[in-house]
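Enquirer: Input: one structure, supplied below.
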């Protein structure tokens with residue numbers, strides 16, 4: 414049958430990293446294509462989303478979901494085209510997305526997959542890159558958990574990342590002041606000149622603590638935390654009474670094995686400033702995605718929500734690309750183009 | 414005039430402690446009684462409340478309120494009798510309570526003071542000891558911030574302390590399971606045999622982490638934290654998804670100067686378990702005290718809220734008594750009897 418491969422190429426979890434990801438963590442292997450059972454579909458993957466939480470799945474911690482086991486294909490969100498189907502719900506030619514694996518093709522019974530029927534005005538990469546993880550994460554974290562009010566000062570860490578870039582813009586839509594923390598002058602300029610952030614701090618060249626004192630002299634109402642470690646410590650120092658610290662990610666600690674990551678030094682400010690620190694996992698909110706997408710798409714179409722995609726070409730480059738998230742080497746939403754977007 | 418002294422004896426903040434309180438931190442001094450100005454009253458103090466947060470007031474951190482300054486009288490909640498009045502709101506003979514100083518007499522314009530008219534069935538020590546700080550703190554923390562539901566597993570640290578003893582009993586009233594952590598076999602026995610705690614862990618002789626795994630195999634819904642440090646770390650390991658960590662006190666860290674107290678090691682569980690960590694200060698809730706007192710008094714009269722008072726006799730013993738809070742040497746609500754309760 415034309416378009417059906419003989420084999421499937423995937424990245425496998427080969428060796429648990431002790432700290433930073435290294436070249437032996439994941440290994441690209443090819444296995445023969447299995448026969449499709451009734452109810453299964455074969456998906457030709459087009460895009461793979463790379464997310465900071467991927468590192469968590471490779472740890473042996475007790476986490477928010479089962480880790481990837483050694484010897485299994487690496488897990489990731491993908492969107493692709495059904496090229497063979499024994500499941501009437503997902504006919505041949507349909508575009509489908511779901512939490513799957515880092516592979517050129519996947520065989521699945523479709524559990525947890527959604528059909529994608531296109532969104533006017535967005536190409537496939539934009540829709541997948543912004544609406545699968547980053548957009549809903551930014552919305553739920555800032556709006557539902559952070560409860561922003563007009564005039565609030567919102568600090569966003571990893572502000573030039575896929576989620577952070579959106580958070581600052583949503584903060585502005587809600588009438589807040591947005592201060593971004595990012596890792597280069599180029600990123601900081603992008604935040605203030607393109608995205609409408611009121612100010613940006615380059616944590617590699619500036620004293621974050623001192624700059625926060627200058628930029629938020631009355632304190633921070635909401636800290637949207639993607640990083641943890643020293644950056645979070647600085648934020649905790651400058652929180653206002655009744656402030657909210659939204660823990661979306663702690664990327665600076667994900668490479669620390671076991672319980673070795675130090676906790677926030679200024680933890681006592683939870684009392685002194687009457688703080689609420691709250692974490693969340695976007696997978697808990699999948700049922701509410703239509704509601705979030707409606708909001709996000711409205712803003713995207715009005716030009717109030719800008720973004721950039723960092724698309725790495727070729728499945729074979731996925732493992733190398735993932736490291737960019739932990740060094741700050743990506744510029745915008747990081748994803749891998751595995752196959753031709755056009756069927 | 415009879416009953417009016419010539420001088421006032423007070424504990425003064427003499428030397429900032431570097432870590433633990435020591436004998437030179439506070440010093441007892443006598444100053445001449447000033448002339449009362451219009452609007453002022455002279456109060457003969459009867460009881461002084463000693464509270465874990467007293468140590469915070471002696472630090473130079475940025476805290477939830479102004480610290481006590483070196484050379485000033487030490488701050489504390491007192492109840493006493495008006496023995497001379499130039500303020501019609503507080504006539505001679507009235508009992509008044511408020512945030513004042515560690516003194517045998519105080520001169521005040523009455524700002525922040527309340528008149529105490531007696532509560533049926535409670536003697537002055539009980540009313541002052543339970544309703545001034547400990548009771549409202551336990552109620553607000555557990556009920557308003559913790560939002561307990563029937564069947565929830567509630568872990569209380571410093572469970573035999575003034576606040577903790579009440580928290581477990583209120584948890585039981587709300588249909589929860591209560592597990593207490595305390596520092597002696599005697600305290601643990603008191604928790605389970607007298608107060609109705611379902612279980613107690615002696616942190617000095619037992620492995621808290623292991624015991625929590627046994628006693629809360631499905632995880633902790635609410636951790637009511639008075640201690641911090643290793644005890645909090647153990648709790649964070651065993652939190653259930655969506656759990657709430659109420660930060661009432663971090664007494665184990667109050668003797669650590671500046672930013673040296675280590676943060677919670679298992680902080681990443683804020684994400685992994687989708688936790689809400691929330692701190693509060695009872696002084697923010699003074700306007701709602703009548704509502705809390707009604708609840709607490711109802712339970713006290715029904716015999717559902719037991720407590721014990723640890724009353725140290727004599728103002729001159731106040732500084733020594735305060736240290737008991739940081740070594741776990743007190744048994745129940747710690748307070749100092751400064752003068753005769755009977756007018």
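Protein chains in written order, with this note's numbering: chain A, 414 to 756; chain B, 414 to 756.
Note that CB positions come from ideal geometry on N, CA and C, so glycine has one too.
Which residues share a DSSP beta bridge with residue 497/A?
Expert: Along the first chain, read from residue 1 onward, the residue named residue 497/A stands at position 84. Paired residue(s): 455/A.
Enquirer: In three-state DSSP terms, what is residue 572/A?
Expert: Numbered from its first residue, the first chain carries residue 572/A at position 159. In the structure shown, residue 572/A sits in coil (DSSP, three-state: anything other than H, G, I, E or B).
Enquirer: Applying a beta-carbon distance threshold of less than 7 Å, which residues of chain D neighbour residue 660/B?
Expert: Protein chains in the displayed structure are A and B, and chain D is not among them.
Enquirer: Which same chain residues, not among the five before or five after residue 562/B, have their C-beta less than 8 Å away from its C-beta?
Expert: Indexing the second chain from 1 puts residue 562/B at position 149. Contacts found: 587, 588, 589 and 634.
Enquirer: Hey, residue 546/B and residue 462/B are a contact pair by Cβ (cut 8 Å); roughly how many whole angstroms apart?
Expert: For this step, residue 546/B is matched to residue 133 along the second chain. For this step, residue 462/B is matched to residue 49 along the second chain. The Cβ separation is near 6 Å, so the contact holds.
Enquirer: I'd like to know whether the C-beta atoms of residue 506/A and residue 684/B end up nearer to each other than 8 Å.
Expert: For the purposes of this step, residue 506/A is taken as the residue at position 93 of the first chain. For the purposes of this step, residue 684/B is taken as the residue at position 271 of the second chain. Not closer than 8 Å, so no.
Enquirer: Spatial neighbours of residue 543/B within its chain, please: CB distance less than 6 Å, with the 5 preceding and 5 following residues excluded, ordered by chain position.
Expert: Working through the second chain from its first residue, we reach residue 543/B at position 130. Here the set comprises 720.
Enquirer: Express the C-alpha separation of residue 650/A and residue 631/A in angstroms, rounding to a whole number.
Expert: Reading the first chain from its first residue, position 218 is the one you call residue 631/A. Reading the first chain from its first residue, position 237 is the one you call residue 650/A. When rounded, the distance between both Cα atoms is 12 Å.
Enquirer: What is the DSSP secondary structure of residue 744/A, counted as helix, strand or coil?
Expert: Counting from 1 along the first chain, the entry for residue 744/A is found at position 331. In this structure, residue 744/A counts as coil in the three-state DSSP scheme.
Enquirer: Quick check on DSSP: helix, strand or coil for residue 680/B?
Expert: On the second chain, residue 680/B is found 267 positions in, with the first residue counted as 1. In the structure shown, residue 680/B sits in coil (DSSP, three-state: anything other than H, G, I, E or B).
Enquirer: In whole angstroms, what separates the C-alpha of residue 466/B from that of residue 460/B?
Expert: Translated into positions along the second chain, residue 466/B becomes position 53. Translated into positions along the second chain, residue 460/B becomes position 47. When rounded, the distance between both Cα atoms is 17 Å.
Enquirer: For residue 668/B versus residue 576/B, is the C-beta distance shorter than 8 Å?
Expert: As a first step, residue 668/B is located in the second chain; it is residue number 255 there, counting from the start. As a first step, residue 576/B is located in the second chain; it is residue number 163 there, counting from the start. Cβ distance not < 8 Å, so residue 668/B and residue 576/B don't count as in contact.
Enquirer: Between the segment 475 to 489 of chain B and the segment 512 to 526 of chain B, are three or more C-beta pairs nearer than 8 Å?
Expert: Taking 8 Å as the limit for Cβ pairs, the verdict is that the segment 512 to 526 of chain B does touch the segment 475 to 489 of chain B.
Enquirer: How long is the line joining the alpha carbons of residue 477/B and residue 468/B, rounded to whole angstroms?
Expert: The residue labelled residue 477/B in the question sits at position 64 within the second chain. The residue labelled residue 468/B in the question sits at position 55 within the second chain. Roughly 13 Å between the two C-alpha positions.
Enquirer: Check the Cβ-Cβ distances between residue 431/B and every residue of chain A, and say whether any is below 8 Å.
Expert: Here residue 431/B corresponds to residue number 18 of the second chain, with the count starting at 1. No, no contact with chain A.
Enquirer: If we count the other Cβ atoms within 10 Å of its Cβ and call it buried at 16 or more, is residue 753/A buried or exposed?
Expert: The residue you call residue 753/A lines up with position 340 of the first chain. When all chains shown are included, residue 753/A counts as exposed.
Enquirer: Would you list, in sequence order, the uninterrupted alpha helix (DSSP H) runs of no fewer than 4 residues that lie entirely inside the segment 466 to 492 of chain A?
Expert: Listed in chain order, they are 467 to 470.
Enquirer: Taking only the alpha-carbon atoms, compute the straight-line gap between residue 512/A and residue 456/A and give it to the nearest angstrom.
Expert: On the first chain, position 99 is the one that residue 512/A refers to. On the first chain, position 43 is the one that residue 456/A refers to. The alpha-carbon atoms of residue 512/A and residue 456/A are separated by roughly 12 Å.
Enquirer: Count the other C-beta atoms from every protein chain shown that fall within 10 angstroms of the C-beta of residue 573/A, then say buried if there are 16 or more, exposed otherwise.
Expert: Within the first chain, residue 573/A is the residue found at index 160, counting from 1. By the neighbour-count rule (16 or more Cβ atoms within 10 Å), residue 573/A is buried.
Enquirer: Using the beta-carbon count (16 or more within 10 Å), is residue 438/A buried or exposed?
Expert: In the first chain, the residue the question calls residue 438/A occupies position 25. With 16 or more Cβ atoms within 10 Å of its Cβ, residue 438/A is classed as buried.
Enquirer: Would you decide whether residue 716/B is buried or exposed? Buried here means 16 or more other CB atoms lie within 10 Å of its CB.
Expert: Along the second chain, read from residue 1 onward, the residue named residue 716/B stands at position 303. Label assigned to residue 716/B: exposed.
Enquirer: My output table needs one value for residue 586/B: the three-state DSSP class, helix, strand or coil.
Expert: Sequence index remark: in the second chain, residue 586/B carries index 173 (1-based). Here residue 586/B sits in helix by DSSP.
Enquirer: Identify the contact partners of residue 647/B in chain A, using a Cβ-Cβ distance below 8 Å as the criterion.
Expert: By one-based count along the second chain, residue 647/B stands at place 234. Per Cβ cutoff of 8 Å: no residues; residue 647/B is ~11 Å from chain A at best.
Enquirer: Using three-state DSSP, classify residue 623/B as helix, strand or coil.
Expert: Here residue 623/B is taken as the residue at index 210 of the second chain, counted from 1. Correct three-state label for residue 623/B: helix.
Enquirer: Strictly below 8 Å CB to CB, what residues from chain B border residue 753/A?
Expert: By one-based count along the first chain, residue 753/A stands at place 340. What residue 753/A touches in chain B: nothing, since even the nearest Cβ is about 36 Å away.
Enquirer: State the Cα-Cα distance for the pair residue 426/A and residue 441/A, rounded to the nearest angstrom.
Expert: On the first chain, position 13 is the one that residue 426/A refers to. On the first chain, position 28 is the one that residue 441/A refers to. C-alpha separation (whole angstroms): 9 Å.
Enquirer: How would you write the range of the alpha helix (DSSP H) that residue 709/B sits in, first residue to last?
Expert: Against the second chain, residue 709/B aligns to sequence position 296. That run of the alpha helix (DSSP H) goes 702 to 714.
Enquirer: Give the range of the alpha helix (DSSP H) segment to which residue 599/B is assigned.
Expert: By 1-based counting over the second chain, the position of residue 599/B is 186. 598 to 602 is the span of the alpha helix (DSSP H), which, as asked, contains residue 599/B.
Enquirer: Residue 414/A to residue 725/A, Cα distance in whole Å?
Expert: Residue numbering aside, residue 414/A sits at position 1 when the first chain is read from its first letter. Residue numbering aside, residue 725/A sits at position 312 when the first chain is read from its first letter. Residue confidence for residue 414/A is low, a pLDDT of 42 falling below 50, so the modelled location carries little weight and cannot support an answer.
Enquirer: Spell out the partners DSSP gives residue 665/B in its beta bridges.
Expert: As a position in the second chain, residue 665/B is number 252, starting the count at 1. In the DSSP output, where bridge partners are listed per residue, residue 665/B has none listed.
Enquirer: Using a Cβ-Cβ cutoff of less than 6 Å, which residues in the same chain neighbour residue 491/A once the five nearest sequence positions on both sides are dropped?
Expert: In the first chain, the residue the question calls residue 491/A occupies position 78. If we look at residue 491/A and ignore the five residues flanking it on each side, its Cβ neighbours are 458, 461 and 513.
Enquirer: Can you pull the chain A neighbours of residue 724/B, defined as C-beta to C-beta under 8 Å?
Expert: Taking the second chain and counting its residues from 1, one reaches residue 724/B at position 311. Result: empty, since nearest Cβ-Cβ is about 27 Å, beyond 8 Å.
Enquirer: How about residue 525/B and residue 503/B: do their beta carbons lie closer than 8 Å?
Expert: If you number the second chain from 1, residue 525/B lands on position 112. If you number the second chain from 1, residue 503/B lands on position 90. In this structure, residue 503/B does not lie closer than 8 Å to residue 525/B by Cβ.
Enquirer: What are the partner residues of residue 528/B, as DSSP defines its beta bridges?
Expert: The residue given as residue 528/B occupies position 115 in the second chain. Paired residues: 509/B.
Enquirer: Output, in sequence order along the chain, the residues in the segment 471 to 498 of chain A whose CB is closer than 8 Å to any CB in chain B.
Expert: Listed in sequence order: 474, 475, 476 and 477.
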